[in-house]
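Trainee: In our numbering, the protein residues as written are 3 to 301.
Just so you know, even glycine gets a beta-carbon here, dropped at the ideal spot from N, CA and C.
These figures come from a predicted structure and were not determined experimentally.
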């Protein structure tokens, strides 16, 4: 990845790795595209003078890209396990233990670059329907990928579908079935639960064209439920397997708001997020054991 020095350098980016400021004649500067914001070059080009500011860790971003590619190239379980060990080493010190400042952005952008399905209309359409929900979905998709790896899903195809799971349901939500007021309530985090018939329709409509793993059609239905059974269809945590419970917990732990990325927002983020999720002790310990083992090996 080359250094971002001009607007044209953002042409192939879905979200921005830099802050873009409009330099006004008065001397003031106004942020017109924050880090993580959806890139729209046509709107940016109307500003006569801009300033680009970056704290983006290119090396970290490229490390994530390389590891995801290694997962993609792995043909044998031994290769996947070796790549998994490298992945744990990459995220352990800073994203888990919080030893140093680190941003979530390199991780998110690597997942977007790797797993975002540019050939499918639903994730692209979501960007134009609601930027808030779209940006939050990219973060949620990234967490789906990371925690999938942490509980042992090392298939590249599985990771890709886990990422896009976070976009498909929201696309259906804001595209065909709900009114503008509901979308605004959803963006504000105050929307009520979704009607059971809507959940069933989303699962049935075209899901076979989106997900190759049959498991994901079931997961699509359950990840919006609530552990206590108060969701749309009344499914509770006892009726979910570990992966379903994990994705359900992730969905409810990440509020629907525009992610605000900073140079240190990833410091200890992954461990902290586990603390917010309502996971059973067995699943929680499965996640913790990845890092306990890594610490023991490195000791």
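#1: Counting pairs of beta carbons, one from the segment 155–171 and one from the segment 271–283, are three or more of them closer than 8 Å?
#2: Starting from residue 115, trace the alpha helix (DSSP H) in both directions and tell me its first and last residue.
#3: Can you give the Cα-Cα distance for residue 88 and residue 49, rounded to whole angstroms?
#4: Here's a check: name, in chain order, each residue in its chain whose Cβ is nearer than 7 Å to the Cβ of residue 2, leaving out the five neighbours to either side.
#5: On a Cα-Cα basis, can you pick out the residue from 251, 150, 156, 257 that is closest to residue 136?
#6: Tell me the rounded alpha-carbon separation between residue 165 and residue 144.
#7: Taking the continuous beta strand (DSSP E) assigned at residue 75, which residues delimit it?
#8: Would you grab the beta carbon distance between residue 73 and residue 156 for me? Rounded to a whole angstrom, and I think it's under 8 Å.
#9: Quick check: is the beta carbon of residue 170 nearer than 9 Å to any beta carbon in chain C?
#10: For residue 68 and residue 249, what's the separation of their Cα atoms in angstroms?
#11: Any idea what DSSP makes of residue 54, helix, strand or coil?
#12: Residues in the same chain with beta-carbon distance under 6 Å from residue 293, minus the five sequence neighbours each way, listed in chain order, please.
#13: How big is the Cα-Cα spacing for residue 154 and residue 142?
#14: Quick one: residues in its chain with C-beta nearer than 6 Å to the C-beta of residue 229, no 5 flanking neighbours on either side, listed in chain order?
#15: Opposite residue 24 in the DSSP bridges: which residues?
#16: Helix, strand or coil: which one does DSSP assign to residue 40?
#17: Could you say if the segment 4–20 and the segment 38–56 meet the contact criterion of at least three C-beta pairs nearer than 8 Å?
#18: Should residue 6 be labelled buried (16 or more other beta-carbon atoms within 10 Å of its own) or exposed?
Mentor: Well, looking at it:
#1: no
#2: 107–117
#3: 43 Å
#4: Only positions 3 to 301 of the chain appear in the structure, and residue 2 is not among them; the question remains open.
#5: 257
#6: 6 Å
#7: Residue 75 -> not in any beta strand (DSSP E); alpha helix (DSSP H) instead, spanning 60–75.
#8: 7 Å
#9: Note that chain C does not occur in the displayed structure, where there is just one protein chain.
#10: 25 Å
#11: strand
#12: 94, 98
#13: 18 Å
#14: 239, 280
#15: 32, 52
#16: strand
#17: yes
#18: buried
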